[in-house]
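Residue numbers (this note's numbering), protein chains in the order written: chain Z, 1 to 387; chain F, 388 to 774.
Glycine included, every Cβ here is placed at the ideal spot set by N, Cα and C.
There are 2 protein chains.
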Amino acid sequence: MEFLEKKYLFTPGPVAVAPKVLLTMAQPVIHHRLPEFSNILKEIRENLKYLFQTEKEVYFFASSGTGAMEAAIVNLFSPEDHVIVVSAGKFGERWVELAKSFGLNPIIIELPWGKAVKPENVEEFIKKNPQTKGILIQACETSTGVKHPIKEIAEITKNKELVLVVDAISALGVYELPMDAWGIDVVIAGSQKALSLPPGLSFIAFSEKAYEFTKKAKLPKYYFSLQKEKKAYQKDTTAFTPAVSLLIGLREMLKRIRELTLEKLFEHYKILSFACRKAVEALGLEIFPEVPSESLTVVKAPEGLKTGELLTFLRTKLGIVFAGGQDQLKGKIIRITHMGDQSLMDLTVAISALELGLNLFGYKIELGKGVKLVQKVLYEYYKKSLF
Amino acid sequence: MEFLEKKYLFTPGPVAVAPKVLLTMAQPVIHHRLPEFSNILKEIRENLKYLFQTEKEVYFFASSGTGAMEAAIVNLFSPEDHVIVVSAGKFGERWVELAKSFGLNPIIIELPWGKAVKPENVEEFIKKNPQTKGILIQACETSTGVKHPIKEIAEITKNKELVLVVDAISALGVYELPMDAWGIDVVIAGSQKALSLPPGLSFIAFSEKAYEFTKKAKLPKYYFSLQKEKKAYQKDTTAFTPAVSLLIGLREMLKRIRELTLEKLFEHYKILSFACRKAVEALGLEIFPEVPSESLTVVKAPEGLKTGELLTFLRTKLGIVFAGGQDQLKGKIIRITHMGDQSLMDLTVAISALELGLNLFGYKIELGKGVKLVQKVLYEYYKKSLF
Chain Z
1 MEFLEKKYLF TPGPVAVAPK VLLTMAQPVI HHRLPEFSNI LKEIRENLKY
51 LFQTEKEVYF FASSGTGAME AAIVNLFSPE DHVIVVSAGK FGERWVELAK
101 SFGLNPIIIE LPWGKAVKPE NVEEFIKKNP QTKGILIQAC ETSTGVKHPI
151 KEIAEITKNK ELVLVVDAIS ALGVYELPMD AWGIDVVIAG SQKALSLPPG
201 LSFIAFSEKA YEFTKKAKLP KYYFSLQKEK KAYQKDTTAF TPAVSLLIGL
251 REMLKRIREL TLEKLFEHYK ILSFACRKAV EALGLEIFPE VPSESLTVVK
301 APEGLKTGEL LTFLRTKLGI VFAGGQDQLK GKIIRITHMG DQSLMDLTVA
351 ISALELGLNL FGYKIELGKG VKLVQKVLYE YYKKSLF
Chain F
388 MEFLEKKYLF TPGPVAVAPK VLLTMAQPVI HHRLPEFSNI LKEIRENLKY
438 LFQTEKEVYF FASSGTGAME AAIVNLFSPE DHVIVVSAGK FGERWVELAK
488 SFGLNPIIIE LPWGKAVKPE NVEEFIKKNP QTKGILIQAC ETSTGVKHPI
538 KEIAEITKNK ELVLVVDAIS ALGVYELPMD AWGIDVVIAG SQKALSLPPG
588 LSFIAFSEKA YEFTKKAKLP KYYFSLQKEK KAYQKDTTAF TPAVSLLIGL
638 REMLKRIREL TLEKLFEHYK ILSFACRKAV EALGLEIFPE VPSESLTVVK
688 APEGLKTGEL LTFLRTKLGI VFAGGQDQLK GKIIRITHMG DQSLMDLTVA
738 ISALELGLNL FGYKIELGKG VKLVQKVLYE YYKKSLF
């Protein structure tokens with residue numbers, strides 16, 4: 001038991017939330033139908049457009065990210081519609097489950113977990129299935145840390161009569177994903193990832209083409225109805241009671257991101273993920289995903305390592321919380337997020353803990369070897385800011 | 388500018404306060420004359436005895452640590468009294484200033500900053516000055532990181548007609564300093580050090596012998612009057628309005644310390660200070676104090692290093708806050724505290740930042756060399772808890 005049981009949350013959602021933001025959210029609750037809240041709402045809507053890099057409205061729900069995924073399905077499609085789903089991890093599978101639950105016909109591009117889809121693969125599936133109404137995909141597959149080639153896929157779908165629906169829950173705000181410029185039709189996000197907020201809010205934006213689809217969509221909807229939210233936005237309010245405190249936190253985070261600029265934010269994640277990968281490689285470990293996302297670093301657990309026990313030990317004794325693998329990856333990977341309230345220096349802690357844990361659980365590596373690599377990357381980075 | 392500007396406070400007071408404790412203090416203020424508060428007071432008094440390792444009452448003031456130092460002076464002495472002061476740093480000098488301000492005659496054992504007093508030195512001074520009424524000393528001289536030999540000095544003063552007054556502001560709760568067992572007459576503490584609270588509370592406890600002294604003390608007093616506080620304690624209250632929110636935080640911290648046990652708490656600081664020193668030595672740097680305290684590690688700045696600029700850089704760019712030297716030590720030392728809300732893993736951050744800063748400011752050392760030493764110490768420590 002340590003003195004004050006300080007914790008480091010390195011899980012890919014929820015992520016650590018900055019104390020300043022937590023305190024903002026701890027202010028007395030305000031009523032959502034008052035002019036005061038309408039003004040907050042206007043500010044949030046404006047800044048969400050900046051984050052999504054879109055001219056369109058961004059809608060939000062009091063729900064987990066899955067809520068916005070469901071909102072995409074029910075607002076875009078009709079029963080029996082054919083959709084192509086890229087399934088290369090737990091969240092790809094979630095698209096499949098969602099599609100099935102609402103009576104769609106999912107055509108699955110199934111890939112081994114950890115692989116990124118090839119754009120030509122998507123193109124081929126579209127050709128073979130001309131009746132396809134939409135492509136459902138993740139920008140970053142959180143369960144494997146893989147980054148799918150959204151820009152290239154959008155090039156293919158842009159001028160076709162189908163919508164590209166991107167679950168960007170662990171990608172938006174981490175790396176370049178400009179909705180309008182790339183021609184993505186639907187972008188979905190969540191509060192508990194790059195927005196560095198607690199879970200409880202989901203986001204969704206629709207392109208012009210996607211709006212046309214929503215007019216023809218026949219699936220039943222109520223809570224996740226885009227039309228209801230659209231009408232409410234016209235009166236500067238929301239259709240249902242919004243998650244007021246989370247939105248107060250969101251306003252703070254969006255303000256912070258806008259002040260910092262997306263460019264700087266992306267640089268932050270670039271350095272963290274680059275330094276982390278260098279460190280992991282220095283320890284003789286493999287990066288699991290084929291094309292790694294800057295959102296998190298997923299490390300392949302060495303053969304024979306008791307990964308579950310190691311993670312429990314790090315969590316309970318060192319206060320360091322990493323995530324393991326889900327389903328078929330259980331025990332096989334270690335996931336270290338770069339999202340949330342982390343300074344660049346925190347990576348020293350993450351890698352130091354990883355080195356200690358691996359050694360304690362029998363995978364002998366030279367202590368400090370990975371940390372040194374992190375320091376080298378940070379040294380080069382800080383040198384620039386010094387001169 | 389980093390994303391959320393996360394900060395690490397490694398200064399030897401104030402120190403980082405645990406969020407859980409901050410939240411406790413953020414609860415609505417309660418009135419200090421109600422039974423509810425009397426009960427809190429009883430709990431605090433009981434647990435303060437545990438912390439001070441005394442059967443006597445421990446009093447507190449809404450003041451900085453200096454307030455309790457003044458309380459010692461005005462409650463123990465009369466004008467013209469002779470006191471021996473061990474002055475080997477900024478806080479030794481504070482004793483001298485306090486003694487002079489209240490018309491005492493300080494006899495100064497002056498030592499170069501960074502040195503620890505020798506017990507025989509104190510004994511000699513007492514012999515040469517038989518009129519001496521008290522010894523004023525620091526347990527840990529925060530400005531230099533030195534630890535004075537309190538146990539040995541108490542052996543000398545125990546059976547003499549003078550009081551040993553120990554400013555233990557940065558020592559109590561960090562390492563063994565049992566007031567009753569060692570026969571220390573007055574122990575002084577502050578909230579913003581090992582108690583890991585914000586500044587604003589000071590503490591003082593008197594031995595039986597010290598109580599006898601207070602009866603004859605003629606210096607004028609009001610706010611810091613022991614008699615007033617004693618009377619108030621009999622009615623389960625305080626003489627003046629207490630710092631309610633800080634006391635609520637204190638209750639929480641004392642509870643935590645009691646649950647953890649002093650033994651474990653001392654072990655925590657032992658590991659942190661030991662690992663830190665090992666790391667500093669590995670970097671080819673010198674530890675400044677002759678006898679280092681476990682409260683903080685004071686590093687001698689290498690010749691020619693622009694220490695002030697380095698510390699500003701670490702603070703503004705990396706979010707790492709170390710303390711420099713005061714007065715004659717300005718620019719010559721770097722002080723890294725081990726007190727406050729720190730996990731053992733935080734030391735990785737401190738040493739990593741020190742290494743980066745030194746390299747960036749021209750003192751070339753191998754990156755990671757110190758961190759590795761920290762990891763080795765932690766490895767041995769955690770290995771024990773694993774098997």
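Short of 8 Å in beta carbon distance, which residues of its chain neighbour residue 626 of chain F, apart from the five on each side in sequence? Order them along the chain. In the second sequence, the residue the question calls residue 626 of chain F occupies position 239. Result list for residue 626 of chain F: 612, 615, 616, 618, 619, in chain order.
Alpha carbon to alpha carbon, how far is residue 764 of chain F from residue 71 of chain Z? Give it in angstroms, no decimals. Stepping through the first sequence from its first residue, residue 71 of chain Z is reached at position 71. Stepping through the second sequence from its first residue, residue 764 of chain F is reached at position 377. Our two residues, residue 71 of chain Z and residue 764 of chain F, have alpha carbons roughly 52 Å apart in a direct line.
Helix or strand or just coil, what does DSSP make of residue 110 of chain Z? By one-based count along the first sequence, residue 110 of chain Z stands at place 110. Residue 110 of chain Z: strand per DSSP, three-state reduction.
Can you have a look at residue 643 of chain F and say buried or exposed, based on whether 16 or more other CB atoms are within 10 angstroms of its CB? Position 256 of the second sequence, counted from the start, is the residue given in the question as residue 643 of chain F. Here residue 643 of chain F is buried: its Cβ has 16 or more other Cβ atoms, across all protein chains shown, within 10 Å.
Hey, how far is the Cα of residue 130 of chain Z from the Cα of residue 57 of chain Z? As a working note, residue 130 of chain Z is residue 130 in the first sequence. As a working note, residue 57 of chain Z is residue 57 in the first sequence. Note on geometry: alpha-carbon atoms of residue 130 of chain Z and residue 57 of chain Z lie some 30 Å from one another.
Would residue 776 of chain F pass as an interface residue toward chain Z - the criterion being a Cβ-Cβ separation below 7 Å? Any answer about residue 776 of chain F is impossible in this case: the structure gives chain F only from 388 up to 774.
Those runs of the beta strand (DSSP E) which lie wholly inside the stretch 494-581 of chain F and span at least 3 residues: Runs of the beta strand (DSSP E) inside the stretch 494-581 of chain F: 519-525, 550-554, 573-577.
If you follow the beta strand (DSSP E) that residue 361 of chain Z is part of, which residue opens it and which one closes it? In the first sequence, residue 361 of chain Z corresponds to position 361, counting from 1. In the DSSP annotation of this structure, residue 361 of chain Z is not part of any beta strand (DSSP E), being labelled neither H nor E.
Residue 196 of chain Z versus chain F: which residues are under 7 Å apart at the beta carbon? Residue numbering aside, residue 196 of chain Z sits at position 196 when the first sequence is read from its first letter. Those within 7 Å of residue 196 of chain Z in chain F are 391.
Against chain Z, with Cβ distances strictly below 7 Å, would residue 429 of chain F count as a contact? As a position in the second sequence, residue 429 of chain F is number 42, starting the count at 1. Interface residue (Cβ-Cβ distance to chain Z less than 7 Å): residue 429 of chain F is not classified as such.
I need the boundaries of the alpha helix (DSSP H) containing residue 48 of chain Z, first residue and last residue. Walking along the first sequence from the start, residue 48 of chain Z turns up at place 48. According to the DSSP assignment, residue 48 of chain Z belongs to the alpha helix (DSSP H) that extends over 35-52.
Evaluate residue 29 of chain Z with the Cβ neighbour count: other Cβ atoms within 10 Å of its Cβ, from every protein chain shown; 16 or more gives buried, anything less gives exposed. As a position in the first sequence, residue 29 of chain Z is number 29, starting the count at 1. Exposed, since its Cβ has fewer than 16 Cβ neighbours within 10 Å.
Whole angstroms are fine: how far does the CA of residue 744 of chain F sit from the CA of residue 697 of chain F? Counting from 1 along the second sequence, the entry for residue 697 of chain F is found at position 310. Counting from 1 along the second sequence, the entry for residue 744 of chain F is found at position 357. Roughly 6 Å between the two C-alpha positions.
Which full runs of the beta strand (DSSP E) of 3+ residues lie inside the stretch 665-735 of chain F, going along the chain? Listed in chain order, the beta strand (DSSP E) runs fully inside the stretch 665-735 of chain F are 683-687, 720-724, counting runs of at least 3 residues.
Determine whether the Cβ of residue 705 of chain F lies closer than 7 Å to any Cβ atom of chain Z. Your numbering for residue 705 of chain F matches position 318 in the second sequence. Residue 705 of chain F counts as touching chain Z.
Measuring only the C-alpha atoms, how far is residue 702 of chain F from residue 725 of chain F? Within the second sequence, numbered from 1, the residue matching residue 702 of chain F stands at position 315. Within the second sequence, numbered from 1, the residue matching residue 725 of chain F stands at position 338. If I take the Cα positions, the gap works out to 17 Å.
Report yes or no: is there a C-beta of chain Z within less than 7 Å of the C-beta of residue 728 of chain F? For this step, residue 728 of chain F is matched to residue 341 along the second sequence. Using a CB distance cut-off of 7 Å, residue 728 of chain F counts as an interface residue toward chain Z.
Residues of the stretch 273-301 of chain Z whose Cβ lies closer than 9 Å to any Cβ of chain F, in chain order: Hits within the stretch: zero.
Compare the C-alpha of residue 778 of chain F against each of F:451, F:410, F:762, F:731 and name the closest. Look at the range of chain F in this structure, 388 to 774, and you will see that residue 778 of chain F is not part of it.
Residue 362 of chain Z to residue 735 of chain F span [Cα, whole Å]: Here residue 362 of chain Z is taken as the residue at index 362 of the first sequence, counted from 1. Here residue 735 of chain F is taken as the residue at index 348 of the second sequence, counted from 1. Rounded to whole angstroms, residue 362 of chain Z and residue 735 of chain F show a C-alpha spacing of 22 Å.
Buried versus exposed call for residue 481 of chain F [16 or more other C-beta atoms within 10 Å across all chains shown]: For the purposes of this step, residue 481 of chain F is taken as residue 94 along the second sequence, with counting starting at 1. Residue 481 of chain F should be labelled buried.
For residue 360 of chain Z, would you say it is in contact with chain F, using Cβ-to-Cβ distances shorter than 7 Å as the test? Taking the first residue of the first sequence as 1, we reach residue 360 of chain Z at position 360. Interface residue, yes.
Since residue 554 of chain F contacts residue 575 of chain F with CB under 8 Å, what's their CB separation in whole angstroms? Against the second sequence, residue 554 of chain F aligns to sequence position 167. Against the second sequence, residue 575 of chain F aligns to sequence position 188. Confirmed, Cβ separation roughly 5 Å.
Which two residues bound the contiguous beta strand (DSSP E) that contains residue 373 of chain Z? Your numbering for residue 373 of chain Z matches position 373 in the first sequence. Residue 373 of chain Z -> not in any beta strand (DSSP E); alpha helix (DSSP H) instead, spanning 369-386.
For residue 498 of chain F, which of F:472, F:565, F:769, F:406 has the nearest alpha-carbon? Against the second sequence, residue 498 of chain F aligns to sequence position 111. Relative to the Cα of residue 498 of chain F, the nearest Cα in the group F:472, F:565, F:769, F:406 belongs to F:472.
If you check the beta carbons only, do residue 757 of chain F and residue 670 of chain F fall under 7 Å apart? Looking up residue 757 of chain F in the second sequence gives position 370. Looking up residue 670 of chain F in the second sequence gives position 283. Yes, these two residues count as a Cβ contact at 7 Å.
I'd like to know whether the C-beta atoms of residue 50 of chain Z and residue 258 of chain Z end up nearer to each other than 7 Å. For this step, residue 50 of chain Z is matched to residue 50 along the first sequence. For this step, residue 258 of chain Z is matched to residue 258 along the first sequence. Against a cut-off of 7 Å, the Cβ pair of residue 258 of chain Z and residue 50 of chain Z comes out as a contact.
From the DSSP secondary-structure annotation, give me the bridge partner or partners of residue 82 of chain Z. Counting from 1 along the first sequence, the entry for residue 82 of chain Z is found at position 82. Beta-bridge pairing links residue 82 of chain Z to Z:105, Z:132.
Sequence-distant residues of the same chain with beta carbon closer than 8 Å to residue 149 of chain Z, five excluded per side: For the purposes of this step, residue 149 of chain Z is identified with residue 149 of the first sequence, where counting begins at 1. Here the set comprises 116, 117, 118, 119, 291.
Can residue 723 of chain F and residue 666 of chain F be called in contact, C-beta distance under 7 Å? Residue mapping note: residue 723 of chain F aligns to position 336 of the second sequence, counting from 1. Residue mapping note: residue 666 of chain F aligns to position 279 of the second sequence, counting from 1. Contact annotation: residue 723 of chain F and residue 666 of chain F have beta-carbon atoms that are not nearer than 7 Å.
So, for residue 140 of chain Z: in the same chain, excluding its five sequence neighbours on each side, which residues have a beta-carbon less than 6 Å away from its beta-carbon? Walking along the first sequence from the start, residue 140 of chain Z turns up at place 140. A distance below 6 Å between beta-carbons, with the five flanking residues on each side excluded, links residue 140 of chain Z to the following residues of its chain, in chain order: 147, 170, 171, 293, 295.
Which two residues bound the contiguous beta strand (DSSP E) that contains residue 589 of chain F? Locating residue 589 of chain F in the second sequence gives position 202, counting from the first residue. Element bounds for residue 589 of chain F: 588-593.
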